[in-house]
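These notes concern the structure reproduced below.
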Amino acid sequence: LGANGIGAGCKGCWCVALTVEVVLTALFVLVVLGATHKTNGATGNFAGLAIGLSLILIHLVGIYFTGTSVNPARSIGPAIFAGGEALTNVWIFIVGPFIGALVAAILWKIVEPKEK
């Protein structure tokens, strides 16, 4: 049913799954912030392409570990319908993206290009 879970790459450890979700979400949010920043000028026209391609890459990397969520809403619905273990592990796919987004916001404040 498309429910996320702790995959073979995590060897059954929730901490690896949580780390993967945090890192991948942080990378994705950084791409979104960078691609849509107002100092991009003409390159901003390709923001959608950069965001879409990065999301594809993030899913290709993370699917082995967790099925890749990077979006709590994408994980909650399937977990409710699948029940069982999917509901037991759904907290990883809620907490991970929130922590990842927070990490990305902090990093963005550090590396954000300043206006001239």
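Residues in the sequence shown are numbered consecutively from 51, following this note's numbering. Idealized CB from N, CA, C, for every residue including glycine. In this text the structure is predicted, and so the values were computed from the model without any measurement.
Taking a cut-off of 8 Å on C-beta distances, the region 114 to 124 touches the region 64 to 79, as three or more cross pairs fall below it. Phe78 sits buried, since 16 or more C-beta atoms from the chains shown fall within 10 Å of its C-beta. Here Asn95 is exposed: its Cβ has fewer than 16 other Cβ atoms, across all protein chains shown, within 10 Å. In this structure, Gly55 sits near Glu135, with a CB-CB distance shorter than 8 Å.
The shortest CA-to-CA distance from Gly150 to any of Thr75, Leu103 and Lys61 is the one to Thr75. Here Val81 is buried, its C-beta having at least 16 other C-beta atoms within 10 Å.
Cβ-Cβ separation between Ala154 and Ala53: approximately 25 Å, too far for a contact (criterion under 8 Å).
The alpha-carbon of Ile113 is positioned some 32 Å away from that of Pro163. Note on Cys60: 16 or more other CB atoms within 10 angstroms of its CB, so buried under the neighbour-count rule.
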